[in-house]
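Written out below as structure tokens is the structure these notes cover.
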């Protein structure tokens with residue numbers, strides 16, 4: 005059985021790799037440092053389990069930091085509004101007492117079941133682990149932007165061509181063309197038209213929104229606001245597609261746009277922002293031999309365990325009947341997964357449900373004083 009399992013979940017085509025003398029021995033490895041992965045650290049910490057957390061990004065936060073660090077989130081319980089960055093910062097503060105070790109800028113390349121029941125895990129940087137359990141919190145995988153297919157444009161990526169906005173200030177005072185018809189395109193078009201509330205920062209010199217049709221997959225309020233700004237001559241909306249570029253001395257100066265009428269026009273362009281959406285890729289996790297359904301990991305709803313005992317999946321990466329891809333759903337899954345993992349981590353230890361409000365033991369774990377109730 006073990007040999008069969010090894011063949012299923014080894015992710016390398018070579019002979020079975022073996023852990024070296026420096027392999028980190030641990031109770032839990034978490035794959036993914038987004039909000040759900042960070043909260044998994046917390047739920048394991050309450051059970052006195054220290055975790056190692058691996059992420060392909062160079063920083064914690066996952067989708068919240070990579071895709072919408074400055075956009076508001078409204079559905080975190082008891083937090084009326086916060087940005088993706090604020091949520092990440094607060095989660096990092098919340099898990100400080102548990103001393104999780106982060107291994108960033110690397111992805112898991114090998115998962116191999118050992119004879120003693122543990123898993124040998126190795127990353128793309130050669131970091132090795134022997135762990136009793138694995139928690140996959142990889143969101144929907146790594147996101148790759150759908151790119152603009154125009155000859156010669158790729159060399160401007162990161163300079164004049166952008167698929168993500170990491171630093172809004174770099175577009176202040178520039179002539180922008182924003183391509184797309186979804187929420188991201190509309191949101192950034194409105195943002196760069198308005199700048200900050202006082203108009204002092206991040207306001208572009210001009211904004212042209214370009215979409216292949218006069219219809220949008222965006223919030224109706226955003227579309228209405230865009231049309232209002234166009235009527236006030238504060239921005240432009242053009243129906244068409246980028247079909248070619250104009251260059252001078254190694255600089256992108258203009259784009260050629262072909263409209264629905266078949267006519268191609270030249271449009272000045274200092275900075276080009278393209279929002280065609282992001283294509284999630286599950287990556288090496290797809291090769292781990294886990295049961296998948298539409299590129300998502302099938303789990304039970306008692307422990308959120310995968311088809312391989314000892315490997316759990318929480319957050320957007322998993323699927324089960326009634327699954328809702330919400331951060332708050334992932335938080336709930338973390339709690340049950342932590343309890344579900346304890347028979348593998350401490351098989352002889354009896355685990356009792358305790359409450360952070362009243363448990364002196366949990367107060368000690370959290371490093372807080374026990375409250376005195378009248």
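In the numbering used here, the protein residues as written are 5 to 378.
Built from N, CA and C at the ideal position, the CB exists for glycine as well.
Please read these numbers as outputs of a predicted model, since none were measured by experiment.
Using a Cβ-Cβ cut-off of 8 Å (strictly less than) and excluding sequence neighbours within five positions of residue 307, which residues of its own chain qualify? 316, 340, 341, 343, 344, 345
In terms of alpha-carbon separation, which member of 313, 331, 109 lies closest to residue 130? 109
Going by DSSP, what residues sit across from residue 210 in a beta bridge? 179
Please report how far the alpha carbon of residue 124 lies from the alpha carbon of residue 30, in whole angstroms. 11 Å
Bridge partners of residue 2, per DSSP? Only positions 5 to 378 of the chain appear in the structure, and residue 2 is not among them; the question remains open.
From what residue to what residue does the beta strand (DSSP E) around residue 262 run? 255–262
Determine the contact status of residue 141 and residue 321, defining contact as a CB-CB distance below 8 Å. yes
Quick one: what's got a C-beta closer than 8 Å to residue 373's C-beta in the same chain, skipping five residues either side? Within the same chain, Cβ atoms closer than 8 Å to the Cβ of residue 373 are found at 367, the five residues on either side in sequence being excluded.
Between residue 46 and the rest of its own chain, which residues show a CB-CB distance below 8 Å, the 5 nearest in sequence each way excluded? 95, 98, 99, 102, 338
So if DSSP puts residue 186 in a beta bridge, which residue, or which two residues, is it bridged to? 221
Which residues share a DSSP beta bridge with residue 117? 123
Buried or exposed: which applies to residue 238, given that a residue is buried once 16 or more other Cβ atoms fall within 10 Å of its Cβ? exposed
Three or more C-beta pairs below 8 Å linking the segment 68–84 and the segment 354–371: no
Which term fits residue 185, buried or exposed, when burial requires 16 or more other beta carbons within 10 angstroms of its beta carbon? buried
So, under 8 Å CB-CB, residue 419 and residue 37 are touching, yes? Tell me the CB distance rounded to an integer number of Å. Since the first residue of the chain shown is 5 and the last is 378, residue 419 is not available in this structure.
Quick check on the burial criterion: 16 or more other C-beta atoms within 10 angstroms. Buried or exposed for residue 83? So residue 83 ends up on the exposed side.
Hey, which unbroken runs of the beta strand (DSSP E) at 3 residues or more fall wholly within the segment 23–74? List check, beta strand (DSSP E) in window: 28–35, 55–59.
Can we say the segment 208–223 touches the segment 180–197, given the rule of at least three CB pairs closer than 8 Å? yes
Do you know how far the Cα of residue 218 is from the Cα of residue 297? 35 Å
Rounded to whole angstroms, what is the Cα-Cα separation between residue 246 and residue 230? If I take the Cα positions, the gap works out to 20 Å.
Could you give the distance in angstroms between the alpha-carbon of residue 329 and the alpha-carbon of residue 318? 10 Å
State buried or exposed for residue 39, treating a residue as buried only when at least 16 other CB atoms are found within 10 Å of its CB. buried
According to DSSP, is residue 310 helix, strand or coil? Reduced to three states, the DSSP call for residue 310 is coil.
Taking the alpha carbon of residue 287 as the reference point, which residue from 26, 89, 112 has its own alpha carbon closest? 112
DSSP three-state call for residue 96: helix, strand or coil? helix
Residues near residue 260 in its chain [Cβ-Cβ closer than 8 Å; skip 5 each side]: 246, 247, 248, 249, 250, 268, 269, 270, 271
Nonlocal neighbours in the same chain, by C-beta distance under 6 Å from residue 278, ignoring five residues either side: Counting only Cβ-Cβ distances below 6 Å, and skipping sequence neighbours, we find 152, 167, 183.
To which residues of the same chain is residue 106 closer than 7 Å at the C-beta, ignoring the five residues directly before and after it? 37, 57, 64
Whose CA, out of 310, 348, 305, 309, lies closest to the CA of residue 327? For the residues 310, 348, 305, 309, the minimum Cα distance to residue 327 belongs to 305.
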